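For reference, each letter of the sequence shown is one residue, going 39 to 217 in the numbering used here. All C-beta atoms, glycine included, are put in the ideal place defined by N, C-alpha and C. Bear in mind the structure is a predicted one, so any value in this text is a computation, not a measurement. Worksheet: the structure to be examined is printed underneath.
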Amino acid sequence: KRAPETVELTTDIVIIGAGSAGLSAAVEAVDLGAKVIVVEKQEVLGSSTTRSEGFIQAAGTQYQRDHGVEGDTEEQLFNDIMTVYASEPMVDPELIKHAAMNSVELIDFYQAKGVPFNHLEAISKNALRNVPRNHCVEGGGGGITASLYEYLKGTDAQVLLGTPCTELIVDGKAVVGIK
39 KRAPETVELT TDIVIIGAGS AGLSAAVEAV DLGAKVIVVE KQEVLGSSTT RSEGFIQAAG
99 TQYQRDHGVE GDTEEQLFND IMTVYASEPM VDPELIKHAA MNSVELIDFY QAKGVPFNHL
159 EAISKNALRN VPRNHCVEGG GGGITASLYE YLKGTDAQVL LGTPCTELIV DGKAVVGIK
């Protein structure tokens, strides 16, 4: 294990964690012109995304149409999910609706950033869930994080692996730095 090193850096945005959420946020911020630093506590890209199967549920995508799936919509995705999970007490319908209604945008974003999709799968053979909506990433979840990381390497963003955030530095209600 290497000895801790203290370095002071200045940036517009610091993102903690190099999973799909953190790396996607970094890509978006860089594309909008921000100076970005991503800190990841692990020495490698080892987030839950990286270890996942790399399946992304989406409906109404061009990728689906290119693979013969016609007429699927984000609304149908939302309704299908809610039909199955509406009685679950921890399910937030507004969050599910937001994810479903932005699923085309997510797939388009990932494709534009080089995430390699290689096939579609239906989640179930049951009629309600038998629509091929699982957009499967080549390399599983590691294909998502690796592609976003590669994209960021071609920018001015810094991705600092092996750099845990141990403390937020706040000024009033604003986070102004990290340790």
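Can you give me the C-alpha to C-alpha distance between residue i and residue j, rounded to a whole angstrom?
i	j	result
residue 46	residue 216	10 Å
residue 196	residue 120	40 Å
residue 43	residue 159	46 Å
residue 16	residue 72	Residue 16 lies beyond the stretch modelled for the chain, which goes from 39 to 217, so this question has no answer here.
residue 127	residue 133	13 Å
residue 192	residue 124	43 Å
residue 48	residue 62	21 Å
residue 67	residue 101	25 Å
residue 74	residue 187	13 Å
Can you list, in chain order, the residues of its chain whose CB lies under 7 Å from that of residue i, leaving out five sequence neighbours each side?
i	result
residue 87	57, 58, 179, 182, 183
residue 139	112, 116
Can you list, in chain order, the residues of its chain whose CB lies under 6 Å from that of residue i, leaving out five sequence neighbours each side?
i	result
residue 78	56, 199
residue 99	142, 145
Considering only their Cβ atoms, is the gap separating residue j from residue i smaller than 8 Å?
i	j	result
residue 145	residue 105	no
residue 65	residue 206	no
residue 76	residue 60	yes
Helix, strand or coil for residue i? Go by DSSP, reduced to three states.
i	result
residue 161	coil
residue 117	helix
residue 40	coil
residue 66	helix
residue 82	coil
State the beta-bridge partners of residue i as determined by DSSP.
i	result
residue 215	207
residue 53	76
Looking only at its chain, what residues have a beta carbon closer than 8 Å to the beta carbon of residue i, apart from the 5 residues adjacent to it on each side?
i	result
residue 162	168
Any beta-carbon of chain D closer than 8 Å to the one on residue i?
i	result
residue 119	Structure shown: chain D not included; a single protein chain is present.
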